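Written out below as structure tokens is the structure these notes cover.
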Amino acid sequence: MCALFHHKDDLVVSASLDQTVRVWDIGALRKKTVSPADDFLQLSQMNTDFFGGVDAIVKYVLEGHDRGVNWASFHPTLPLIVSGADDRQLKVWRMNEDKSIRVWDATKRTGLQTFCREHDRFWILTAHPELNLLAAGHDSGMIVFKLQRECPAFSVSGDSVYYVKDRFLRFYEYSSQKDTQVIPIRRPGSNSLNQSPRTLSYSPTENAVLICLDGDGGYYELHIVPKDSFGRVDTVQEAKKGPGGSAIFMARNRFAVLEKSSNQILVKNLKNEIVKKSSLPVVADEIFYAGMLFGQVTWKSVALLSKHSISIADKKLVICLDGDGGYYELHIVPKDSFGRVDTVQEAKRGPGGSAIFVARNRTEDKVVIFDLQQRIVLEDLQTSTIRYVIWSSDMESVALLSKHSISIADKKLVHRCTLHETIRVKSGAWDDNGVFIYTTLTHIKYCLPNGDSGIIRTLDVPVYITKIFGNTIFCLDRDGKNRPIIIDSTEYMFKLSLLRKRFDQVMNMIRSSELCGQAMIAYLQQKGFPEVALHFVKDERTRFNLALESGYIQIAVASAKEIDEKDHWYRLGVEALRQGNSGIVEYAYQRTKNFERLSFFI
34 MCALFHHKDD
44 LVVSASLDQT
54 VRVWDIGALR
64 KKTVSPADDF
74 LQLSQMNTDF
84 FGGVDAIVKY
94 VLEGHDRGVN
104 WASFHPTLPL
114 IVSGADDRQL
124 KVWRMNEDKS
134 IRVWDATKRT
144 GLQTFCREHD
154 RFWILTAHPE
164 LNLLAAGHDS
174 GMIVFKLQRE
184 CPAFSVSGDS
194 VYYVKDRFLR
204 FYEYSSQKDT
214 QVIPIRRPGS
224 NSLNQSPRTL
234 SYSPTENAVL
244 ICLDGDGGYY
254 ELHIVPKDSF
264 GRVDTVQEAK
274 KGPGGSAIFM
284 ARNRFAVLEK
294 SSNQILVKNL
304 KNEIVKKSSL
314 PVVADEIFYA
324 GMLFGQVTWK
334 SVALLSKHSI
344 SIADKKLVIC
354 LDGDGGYYEL
364 HIVPKDSFGR
374 VDTVQEAKRG
384 PGGSAIFVAR
394 NRTEDKVVIF
404 DLQQRIVLED
414 LQTSTIRYVI
424 WSSDMESVAL
434 LSKHSISIAD
444 KKLVHRCTLH
454 ETIRVKSGAW
464 DDNGVFIYTT
474 LTHIKYCLPN
484 GDSGIIRTLD
494 VPVYITKIFG
504 NTIFCLDRDG
514 KNRPIIIDST
524 EYMFKLSLLR
534 KRFDQVMNMI
544 RSSELCGQAM
554 IAYLQQKGFP
564 EVALHFVKDE
574 RTRFNLALES
584 GYIQIAVASA
594 KEIDEKDHWY
604 RLGVEALRQG
614 NSGIVEYAYQ
624 RTKNFERLSF
634 FI
């Protein structure tokens with residue numbers, strides 16, 4: 034049914050209706066040279082020799098399909114073979130370094146990965162020459178899919194980020210841009226397809242890392258990183274493992290694991306021992322950390338506070354801690370106590386901290402905020418299936434990232450806005466001004482609190498944002514390399530200043546920057562700021578229209594004199610009459626020689 038050459042080696046892969054995929058060694062053909070002959074008998078003999086059994090040898094027979102195989106192909110860069118058959122399955126076979134073909138388990142002869150469609154047969158398959166993509170055609174259409182996860186798992190902690198690259202946990206410091214290998218986290222041989230870490234959670238106080246993977250139904254690995262182990266393999270402790278759909282740190286020495294089979298959240302300590310179980314009132318397939326809830330110590334309303342947070346009001350200092358299951362300390366600060374130890378009053382302490390989680394429900398397309406202490410759902414929000422939950426630094430805003438949309442909400446999951454993208458959303462982060470910066474396959478974009486969005490710059494390759502410092506975006510690419518990208522934030526900072534009515538900043542940006550273009554003028558008109566748009570425009574016709582819209586009649590008169598057209602003088606007279614400016618009305622009628630209206634006006 035199909036036969037294809039290997040792109041480098043003297044191999045041919047063939048697909049057959051006998052349910053097998055065969056690999057042929059045609060190395061003998063390269064060594065054999067045949068000269069053309071006019072004699073018919075010699076030509077027949079040459080053809081016989083050319084296709085003889087000694088020239089093309091079947092080296093391997095791959096058996097695994099239940100029906101006839103329609104297509105097989107070598108991967109252009111990886112040691113893989115992909116096959117599609119009438120059993121509606123795609124199978125991926127691995128080719129090892131000695132050029133032999135084997136499956137993941139050579140004794141059981143099972144495929145590394147199987148893609149199956151219930152009612153369709155696969156007929157053709159090909160690999161992208163550069164990207165990690167495969168395309169397969171079936172009875173009712175085609176699919177494009179990946180063999181491996183390309184988004185690196187990472188966790189940001191202050192001025193640094195921990196991330197996974199190859200088989201190692203690495204540490205990158207933003208200020209010095211120093212990259213350090215920390216510990217090995219995967220053993221050689223554990224390189225099965227689609228086994229890249231999915232998420233990573235880091236505890237800065239205990240220097241511990243939780244890594245979640247999708248293999249074997251989902252499991253996690255807990256690594257305790259000794260402080261002196263950076264780059265040293267001999268000091269690495271054995272990782273603790275356990276099943277779970279997702280695992281995240283919720284306190285200094287506690288982490289939560291979602292057990293999908295029982296729909297429970299298991300709270301465990303660093304010894305991997307279960308401390309507490311809590312049943313979820315809704316079916317969840319993933320959980321995301323959402324801070325600590327300290328209802329007793331908030332000043333106006335219930336607040337979501339990050340770990341080790343501090344709140345100050347009316348000379349009262351509240352320190353929220355997460356030890357012993359979560360507690361707070363209330364300190365009364367006397368006015369004359371600065372620097373004096375003898376005047377310090379004893380702190381009032383009480384419980385009240387409980388971990389808050391955002392739980393995702395795919396079946397109902399919604400997310401909920403769940404209080405682990407009270408075991409109740411605090412808030413919920415209907416949204417498309419989310420992939421990432423990204424909180425702002427003050428925990429006041431949250432971005433819910435789906436495949437093709439972004440939903441912005443506040444800490445109580447009150448919906449603010451939703452953006453829709455035609456191509457996939459890859460990553461995002463909040464900057465210090467409350468603007469959400471996100472990436473798609475081809476662009477870096479921004480989203481303001483009111484839902485306005487725009488393009489910051491284009492991308493040559495997809496990147497994943499980890500941190501934003503001013504005009505510098507730090508990100509990871511698909512090769513696991515940290516890349517600082519300098520951006521121009523003038524446009525979205527200008528719009529943000531308009532949104533917050535900081536007109537002094539707006540005027541400073543107008544004087545110092547090169548904000549111009551019809552798009553900016555249209556935006557200012559749309560948002561009700563035509564008077565600001567006047568500062569961008571030099572064209573007299575546009576200035577005339579903006580001046581009439583904003584009510585600046587004197588600027589309109591100056592532009593009308595430059596244009597000197599009857600229609601513009603007429604419009605000026607109508608606007609001046611509406612404002613009650615009789616002098617300009619009379620002047621406009623004189624310029625248009627509208628003596629009938631002028632006599633009536635006099």
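Residue numbers for the sequence shown follow my numbering, beginning at 34 and rising by one. All residues carry an ideal CB built from backbone N, CA and C; glycine is no exception. No experiment lies behind these values; they were computed from the predicted model shown.
For residue 260 versus residue 240, is the C-beta spacing smaller than 8 Å?
Yes, these two residues count as a Cβ contact at 8 Å.
Exposed or buried, residue 594, counting other C-beta atoms within 10 Å across all chains shown (16 or more means buried)?
exposed
Residue 42 versus residue 163 - alpha carbon distance
19 Å
Within the chosen definition, does the stretch 113-125 reach the stretch 148-158 through at least 3 CB pairs nearer than 8 Å?
yes
Take residue 170 as the anchor and find which of 115, 200, 198, 532 has the nearest alpha-carbon.
115
Determine the extent of the alpha helix (DSSP H) in which residue 611 is found, giving its start and end residues.
599-612
Would you call the CB atoms of residue 59 and residue 46 closer than 8 Å?
No, these two residues do not count as a Cβ contact at 8 Å.
For residue 636, which of 90, 100, 127, 99 has the nearest alpha-carbon?
With the chain represented from 34 up to 635, any question about residue 636 goes unanswered, as that position is not in the structure.
Using only the alpha-carbon positions, how far apart do residue 492 and residue 516 sit?
12 Å
Residue 420 to residue 197 span [Cα, whole Å]:
19 Å
Rounded to whole angstroms, what is the Cα-Cα separation between residue 553 and residue 104?
54 Å
Taking the C-alpha atoms as reference points, what is the distance between residue 463 and residue 427?
10 Å
Rounded to a whole number of angstroms, what is the C-alpha to C-alpha distance between residue 467 and residue 479?
11 Å
Under the assumption that residue 298 contacts residue 284 (Cβ atoms under 8 Å), give the Cβ distance between them as a whole number of angstroms.
Going by Cβ atoms, the distance from residue 298 to residue 284 rounds to 13 Å, so no, they are not a contact pair.
Whole-angstrom distance between residue 54 and residue 108, CA atom to CA atom:
15 Å
Return the residue from the list 600, 627, 510, 590 that minimises the CA-CA distance to residue 617.
Answer by Cα proximity: 590.
Whole-Å CB distance - residue 638 paired with residue 474, under 8 Å assumed
Coverage of the chain is limited to positions 34 through 635, which leaves residue 638 absent and any answer about it impossible.
With distances taken from CA atoms, which of 63, 35, 56 is nearest residue 50?
35
Smallest Cα separation from residue 119: which of 526, 199, 97, 439?
97
Would you say the beta carbon of residue 318 comes nearer than 7 Å to a heavy atom of the ligand COA?
Because no ligand of any kind appears in the structure shown, any question about the ligand COA cannot be addressed here.
Do you know offhand how far residue 622's Cα is from residue 449's?
50 Å
Distance between beta carbons of residue 412 and residue 445, contact taken as under 8 Å:
About 5 Å; that satisfies the 8 Å criterion.
Taking the straight line between their C-alpha atoms, what separation do you get for residue 303 and residue 254?
Take the alpha-carbon of residue 303 and the one of residue 254: they are about 11 Å apart.
From the DSSP output, which residues share a beta bridge with residue 55?
47, 94
Chain-order list of residues whose beta-carbon lies under 8 Å from that of residue 542 (same chain, five-residue window excluded)
523, 526, 527, 530, 548
With distances taken Cα to Cα, identify the nearest neighbour of residue 249 among 234, 193, 278, 243.
For residue 249, the closest of 234, 193, 278, 243 by C-alpha to C-alpha distance is 278.
Is residue 418 helix, strand or coil by DSSP?
coil
Give me the residue from 281, 405, 166, 453 with the minimum Cα distance to residue 312.
405
Alpha carbon of residue 252 to alpha carbon of residue 243, nearest angstrom
Their backbone Cα atoms lie some 10 Å apart in a straight line.
Apart from the five residues just before and just after residue 599, which ones in its own chain have a Cβ nearer than 7 Å to its Cβ?
625
Where does the unbroken beta strand (DSSP E) through residue 239 begin, and where does it stop?
Per DSSP, residue 239 belongs to no beta strand (DSSP E) and is neither H nor E.
Would residue 185 pass as a contact of residue 509 if the rule is Cβ separation under 8 Å?
yes
Residues near residue 485 by beta carbon distance below 7 Å, same chain, minus five either side
528
Excluding sequence positions up to five away, which residues of its chain have a Cβ less than 7 Å from the Cβ of residue 113?
Around residue 113: 125, 126, 127, 128.
Extent of the continuous beta strand (DSSP E) to which residue 446 belongs
That residue, residue 446, is in no beta strand (DSSP E); it is neither H nor E in DSSP.
Within the continuous beta strand (DSSP E) that includes residue 170, where are the two ends?
167-171
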